[in-house]
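The block underneath contains the structure these notes are about, expressed in structure tokens.
2 protein chains.
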Amino acid sequence: MALVVQKYGGSSLANSERIRLVAQRIAKTKDSGNQLVVVVSAMGDTTDELIKLASQVAKQPGEREMDVLLSTGELISSTLLAMSLESLGYKAISLSGAQAGIKTDSTHNKARIISVSVKRILEEIEKNNIVIVAGFQGINQQLDTTTLGRGGSDTTAVALSASLKADMCQIFTDVEGVYAADPRIVPGAAKLDEIGYDEMLEMANSGAKVMHPRAVELGEMYNIPILVASSFSNVSGTIIREEIAMEVRNKVRGIAHDANVARITVLGVPNRPGIASAILAPLAEANVSVDTIVQNISVGNTTDFTFTVDRSALAKAKSIVDPLVETLGARECATDSTLAKVSIVGTGMQNSPGYAAMMFRTLSEQGINIQLISTSEIRITCIIAERDVNIAVRALYESFEAEIAKAARP
Amino acid sequence: MALVVQKYGGSSLANSERIRLVAQRIAKTKDSGNQLVVVVSAMGDTTDELIKLASQVAKQPGEREMDVLLSTGELISSTLLAMSLESLGYKAISLSGAQAGIKTDSTHNKARIISVSVKRILEEIEKNNIVIVAGFQGINQQLDTTTLGRGGSDTTAVALSASLKADMCQIFTDVEGVYAADPRIVPGAAKLDEIGYDEMLEMANSGAKVMHPRAVELGEMYNIPILVASSFSNVSGTIIREEIAMEVRNKVRGIAHDANVARITVLGVPNRPGIASAILAPLAEANVSVDTIVQNISVGNTTDFTFTVDRSALAKAKSIVDPLVETLGARECATDSTLAKVSIVGTGMQNSPGYAAMMFRTLSEQGINIQLISTSEIRITCIIAERDVNIAVRALYESFEAEIAKAARP
Numbered sequence: 007m008a009l010v011v012q013k014y015g016g017s018s019l020a021n022s023e024r025i026r027l028v029a030q031r032i033a034k035t036k037d038s039g040n041q042l043v044v045v046v047s048a049m050g051d052t053t054d055e056l057i058k059l060a061s062q063v064a065k066q067p068g069e070r071e072m073d074v075l076l077s078t079g080e081l082i083s084s085t086l087l088a089m090s091l092e093s094l095g096y097k098a099i100s101l102s103g104a105q106a107g108i109k110t111d112s113t114h115n116k117a118r119i120i121s122v123s124v125k126r127i128l129e130e131i132e133k134n135n136i137v138i139v140a141g142f143q144g145i146n147q148q149l150d151t152t153t154l155g156r157g158g159s160d161t162t163a164v165a166l167s168a169s170l171k172a173d174m175c176q177i178f179t180d181v182e183g184v185y186a187a188d189p190r191i192v193p194g195a196a197k198l199d200e201i202g203y204d205e206m207l208e209m210a211n212s213g214a215k216v217m218h219p220r221a222v223e224l225g226e227m228y229n230i231p232i233l234v235a236s237s238f239s240n241v242s243g244t245i246i247r248e249e250i251a252m253e254v255r256n257k258v259r260g261i262a263h264d265a266n267v268a269r270i271t272v273l274g275v276p277n278r279p280g281i282a283s284a285i286l287a288p289l290a291e292a293n294v295s296v297d298t299i300v301q302n303i304s305v306g307n308t309t310d311f312t313f314t315v316d317r318s319a320l321a322k323a324k325s326i327v328d329p330l331v332e333t334l335g336a337r338e339c340a341t342d343s344t345l346a347k348v349s350i351v352g353t354g355m356q357n358s359p360g361y362a363a364m365m366f367r368t369l370s371e372q373g374i375n376i377q378l379i380s381t382s383e384i385r386i387t388c389i390i391a392e393r394d395v396n397i398a399v400r401a402l403y404e405s406f407e408a409e410i411a412k413a414a415r416p
Numbered sequence: 007m008a009l010v011v012q013k014y015g016g017s018s019l020a021n022s023e024r025i026r027l028v029a030q031r032i033a034k035t036k037d038s039g040n041q042l043v044v045v046v047s048a049m050g051d052t053t054d055e056l057i058k059l060a061s062q063v064a065k066q067p068g069e070r071e072m073d074v075l076l077s078t079g080e081l082i083s084s085t086l087l088a089m090s091l092e093s094l095g096y097k098a099i100s101l102s103g104a105q106a107g108i109k110t111d112s113t114h115n116k117a118r119i120i121s122v123s124v125k126r127i128l129e130e131i132e133k134n135n136i137v138i139v140a141g142f143q144g145i146n147q148q149l150d151t152t153t154l155g156r157g158g159s160d161t162t163a164v165a166l167s168a169s170l171k172a173d174m175c176q177i178f179t180d181v182e183g184v185y186a187a188d189p190r191i192v193p194g195a196a197k198l199d200e201i202g203y204d205e206m207l208e209m210a211n212s213g214a215k216v217m218h219p220r221a222v223e224l225g226e227m228y229n230i231p232i233l234v235a236s237s238f239s240n241v242s243g244t245i246i247r248e249e250i251a252m253e254v255r256n257k258v259r260g261i262a263h264d265a266n267v268a269r270i271t272v273l274g275v276p277n278r279p280g281i282a283s284a285i286l287a288p289l290a291e292a293n294v295s296v297d298t299i300v301q302n303i304s305v306g307n308t309t310d311f312t313f314t315v316d317r318s319a320l321a322k323a324k325s326i327v328d329p330l331v332e333t334l335g336a337r338e339c340a341t342d343s344t345l346a347k348v349s350i351v352g353t354g355m356q357n358s359p360g361y362a363a364m365m366f367r368t369l370s371e372q373g374i375n376i377q378l379i380s381t382s383e384i385r386i387t388c389i390i391a392e393r394d395v396n397i398a399v400r401a402l403y404e405s406f407e408a409e410i411a412k413a414a415r416p
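As given, the protein sequences belong to chains C and G, one line each in that order.
Residue numbering for the first sequence follows the working numbering, beginning at 7 and increasing consecutively.
Residue numbering for the second sequence follows the working numbering, beginning at 7 and increasing consecutively.
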């Protein structure tokens, strides 16, 4: 008998009808002779509605209170799903994050899981219950409710899979898996049958929204195979797992993009040690996430320091960097909020410099200007104008299609 | 510094605007130098909406799951109220029933409080926090959420008052206090400044819906003075407390009525011991609440046995009693679902038989037929036709007005 952890996202549970469909899907897995722990997100728009309510009673709702408020969304969906299963004749029980043993630190709104005590879950499985766990939430040492922040329910599912030593962790969402490129831009893009953890991380960090990087990291740390699939169809999804047979595999996994990029460049900074830290430390302190960082080679005594942020963070970032221009003796601070990034991702690329050249040539053939380049072991990213991003993704997919196709169907 | 427990009902918290008004009212109490514990019900229609959701996913939702589902309503209102207070510059913290130390048995949907551990509440008061407690809910020994059933939030407030040895328990609702008769029927009915626990119990059990009898009982048991007042006005409410100076007080407190009465009479029952038990035991087993019970003096060898139930329970009660007619050798089972009860309530009446006579005369003068009479130490109840109830209440109020007026304003 296999122990399976499943996670259903908010769109899969958007209304009572969809909850009943999910219950039927769970029932099928149970009928196949599996033990089941199911993690749920809040129904559809519940979280947005709760946030709206909070904003109506307080300009800056306290983080502790916000956590209790938001956690009710998952309590509601977990009980409804348990009821729905019971009405189909299955034994089911809902557990809050606290009851499921999810213990976190006290960083409200984005708590980290410290430990998982699965005693209660195991007792309920022993009683042949299908265990429905409210995702996204935990409890701190003071027994206060915490929430895990973005990607929280995915993280709950992977953490429980690790602690329960589950045979499989299945993330059901509204897409059919991980694609080699966004199918809305590249209609024929291949769905990947499998992808490595690091590749998935690079894809996610480069804009593929299928799964939150944090949950992928946790999966990698505990080596949990994660299936990403649609709750609306029976198409087999994508399995995220440790790379196997790396040497014989193809090099490129997919094309990722993110059309929500803004850039800040500090021009003419006197070239001395400590520049990067002088600029980035105040940003980190203000909790501004910086993405790509590039320091151009200096000409003469000055250098240009560039980084990108989410577009929504640009105003805040600029207000922090502006005063530094004078402090650092730089010339000026320039920004551009109309950018995008496009990346090719694949474990196999690391020792094959030909891929970078092919990427740059493809973009150049389309007349697309590359503003910044950043590379990792398994990724090459170009920052380009937002207006060029769809053309870029399609052209890159075409250039690398032969590689991708073999990777998608080994 | 006084320790005050306040409770706000669902209509007082129906939307974000009302929540902000309640926050301002709490702030005022705090500014007067009080320590504050506030118990909240769910916002307006939240509970009904959750019940509807449950009915959409399951025909008979499980009681344990239902409790977790319903408990989210009070979690939501408690956090929103805490946020609203924080935004006014007050320190506030919301606590779930479990965090507030409300420990119950495992009778889901109508759990009884076993004990209250106020350690956490006292810690938060010590930190100068206004403590907002989610009413209506507790936790059982398995650490599962339970709900307290009807009148649950009132019960939470009174139980906390007792455990915290609060100086005052204030129940804020949508009426201005306890009236000597329903002001919708008797427009000039006096609001009582105070009323005894037992009188309030008789009023509540006789149809006055201001406060659930269960919370009043608890108040009496621990001798907690309870103020019932409106959250929408500054009119002083009614204090429920131990009768004082009973001998010098006036006799009648008020007129209560309930227009939702049905009657079952088993006619021609052979008059032998055990009849009442033979009829009532199966009803109790089926969880049918029986209200007034009257066994008429027997004529010859048979007697007539009559009891009343809520109209909604009539069909179920009849289905249980019908088969007993043959078993008991009775003649038939007759029912009437168009009845009401009207009562006069007052601690002082007990040794003054004149009040009963005055009540019967008043009804008779209005041409109202009395079907059943039932009395307690401090209450006289007549069952009459529903169509007569408004006339009866008005006439009785007029007959006893001099008594009531003195009682209302001592």
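The beta-carbon is built from N, C-alpha and C at its ideal position, and this holds for glycine as well.
Is residue i close to chain G? Criterion is C-beta to C-beta, closer than 8 Å.
| i | result |
| --- | --- |
| M89(C) | yes |
| E407(C) | no |
| I326(C) | no |
| L149(C) | yes |
| L75(C) | yes |
Secondary structure at residue i, three-state DSSP: helix, strand or coil?
| i | result |
| --- | --- |
| M209(C) | helix |
| I230(G) | coil |
| L198(G) | coil |
| Y185(G) | strand |
| G260(C) | strand |
| R24(C) | helix |
| S17(C) | helix |
| L149(G) | coil |
| M252(C) | Low confidence applies to M252(C): its pLDDT is 48, below 50, so where it sits in the model is not reliable, and the reading given next is rough at best. Three-state DSSP puts M252(C) in a helix. |
| D37(G) | helix |
| S236(C) | strand |
| D54(G) | helix |
| Q105(C) | coil |
| G225(G) | helix |
| A98(G) | strand |
| I376(C) | coil |
At a Cβ threshold of 8 Å, is residue i touching chain C?
| i | result |
| --- | --- |
| G68(G) | yes |
| A60(G) | yes |
| L19(G) | no |
| E92(G) | yes |
| E71(G) | yes |
Please list the terminal residues of the continuous alpha helix (DSSP H) segment that includes residue i.
| i | result |
| --- | --- |
| M364(C) | G360 to E371 |
| I169(G) | Position check: residue 169(G) holds Ser in this sequence, whereas Ile was assumed. That run of the alpha helix (DSSP H) goes G158 to L170. |
| T333(G) | L320 to L334 |
| R385(G) | From DSSP, R385(G) is part of no alpha helix (DSSP H) but of the beta strand (DSSP E) over R385 to A391. |
Looking at the secondary structure, which residues open and close the beta strand (DSSP E) in which residue i lies?
| i | result |
| --- | --- |
| L91(C) | From DSSP, L91(C) is part of no beta strand (DSSP E) but of the alpha helix (DSSP H) over E69 to S93. |
| E338(G) | E338 to V351 |
| L289(G) | Taken as a continuous stretch (DSSP letters only), L289(G) belongs to no beta strand (DSSP E), being part of the alpha helix (DSSP H) at I281 to E291. |
| A140(G) | I136 to A140 |
| I119(G) | I119 to V122 |
| I131(C) | From DSSP, I131(C) is part of no beta strand (DSSP E) but of the alpha helix (DSSP H) over K125 to E132. |
State yes or no: is the C-beta of residue i nearer than 7 Å to some heavy atom of the ligand GDP?
| i | result |
| --- | --- |
| G15(G) | Among the components of this structure there are no ligands whatsoever, and the ligand GDP is therefore not found. |
Find the nearest neighbour of residue i within the set the options, judged by alpha-carbon distance.
| i | options | result |
| --- | --- | --- |
| Q176(C) | I397(C), L9(C) and L87(C) | L9(C) |
| N240(G) | A408(G), L286(G), K34(G) and L76(G) | K34(G) |
| A340(G) | K347(G), S295(G) and F311(G) | F311(G) |
| I82(C) | M89(G), I57(G) and G95(G) | I57(G) |
| L86(C) | R367(G), D328(G), V63(G) and T85(G) | V63(G) |
| K322(C) | C388(C), E291(C), L369(C) and I379(C) | E291(C) |
| K109(G) | S93(G), A187(G) and Q147(G) | Q147(G) |
Should the segment 139-154 of chain G be called in touch with the segment 107-114 of chain G, which here means at least 3 C-beta pairs below 8 Å? yes
> Pairing CB atoms from the segment 88-105 of chain C with CB atoms from the segment 126-144 of chain C, are three or more of them under 8 Å?
Replying inline: yes
- Task: Count the CB pairs spanning the segment 19-39 of chain C and the segment 40-54 of chain G that are closer than 8 Å, and state whether there are at least three.
- Result: no
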